[in-house]
Every structure is written in C-alpha cells, then in structure tokens.
Amino acid sequence: MNNYLLKSLSLLLFFYSFCSYGSNLSDDATARGINTTCSSYLSQIEKSYNLNGLNITFAHPDIPSELPSLHVSSQKYNNGTSSFNATLIPDGEYCYLSTILVTSINNQSCSEIAQLKAENENLELSNYANGGFIILTPDDKSYQTILTSAGENSCTMTESRMMWPGK
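What the sequence shown shows, in mature numbering (1 follows the signal peptide of the UniProt record, and there is no 0), is residues -22 to -1, 1 to 145, in sequence order.
So this is what it looks like as structure tokens:
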C-alpha cells in the first residue's frame, strides 16, 4: 500500500512540474522561461481577448524557451463559459501561434449569433446539418469560427486561428 501511495505521489509531482498556475498567462510564461518573443505575443493576445480567468501553463521543465508551450485560460460568465488555448512554437527570433477559443452561451441560438456577427463583420456563413453547425469565415481567412447548436437557446462557438508573425 505504501509503495502504491509513493508511486502515485511521485507521478502527481512529476506532472505538476510541467505546469503552473499564474495570475495571468504572459506573467506565468515569463516566469517559466518561455521564449521572449512568444511571451510578448501571448501578452498581446491576452489583452485583446481580455483573458482573466483561471490560467494554466505547460512548458518543458528544462528548455522551455526552445520547445512549444501550451497556455490555457478558463472563465465563467453569467450566461456561459469560455476556454482559451494557445500553443506557442518558438523558432529562433520568431514564434508561431495557434489559438482556440471555445465559448458556451446559454441564452442565444447559433443563428442569432451568426446573424449578429455577420452584421458587424464581413463573414462568409456556411450551414451544415440543417443549421446544427454554422462556419463563419472572414474574407482574409485569418480564422474560422464554428457555431454548434446545443439546444434551442444554447450555442458553442469555437474560434480557431494560426499565426506566423514575421514570416
């Protein structure tokens, strides 16, 4: 029994060494030794998305500035929740980013959301499965958002984006 407990505790501590919980994503990334260019981009993204929820950072324990890192932020609202994920991939003086923002909304249908977004942005709307899924794509194709119907007045939005700054 003691051997099982020791192995379980060791495994838990091993996994904990790969992640940390910080006050904000960019400060946590800097504290973990993430590539400075990547940390700078993460700070900009964090401000543009107004991220201020529970944050987790996963980075390599020995060479975090040279290898990809994963950053997660979750927030709770009065009408739903959101989860933001960013993967940062350092490449010398460059940093490549992929981001995913998933938002669950409890008081609006996907068709209402698509209509509101299309009024404010120049988006191509594609319907699938009788409106069960709607894909929103801007003219520049810089990102895509999938709206997934989760009920009459409930929708999940998944925005995916890949960036190659400087390339």
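Ideal Cβ positions, reconstructed from N, Cα and C, are used throughout, including at glycine.
{"Check": "How is S97 classed by DSSP in three states: helix, strand or coil?", "Outcome": "One detail in the question is off: residue 97 reads as Glu in this sequence, not Ser. Looking at E97 - three-state DSSP - the assignment turns out to be helix."}
{"Check": "Is it the case that the Cβ atoms of P143 and C73 are separated by a distance below 8 Å?", "Outcome": "yes"}
{"Check": "For the beta strand (DSSP E) containing K119, list its first residue and its last residue.", "Outcome": "Premise fails: K119 is in no beta strand (DSSP E) and is neither H nor E."}
{"Check": "Whole angstroms are fine: how far does the CA of K95 sit from the CA of P116?", "Outcome": "10 Å"}
{"Check": "Give the C-beta separation of T77 and R139 to the nearest angstrom, bearing in mind that I take them to be a contact with Cβ-Cβ under 8 Å.", "Outcome": "5 Å"}
{"Check": "Using alpha carbons as the reference points, say which of A7, P68, H38, A107 lies closest to L125.", "Outcome": "A107"}
{"Check": "Cα-Cα, which of L20, P39, N84, L114 is closest to S51?", "Outcome": "L20"}
{"Check": "Residue range of the alpha helix (DSSP H) that D6 falls in?", "Outcome": "3 to 10"}
{"Check": "Taking 6 Å as the limit between beta carbons, can you name the residues of its chain near T136, skipping five residues before and five after?", "Outcome": "V80, I124"}
{"Check": "Report the rounded CA-to-CA distance for I41 versus N63, giving the unit in angstroms.", "Outcome": "21 Å"}
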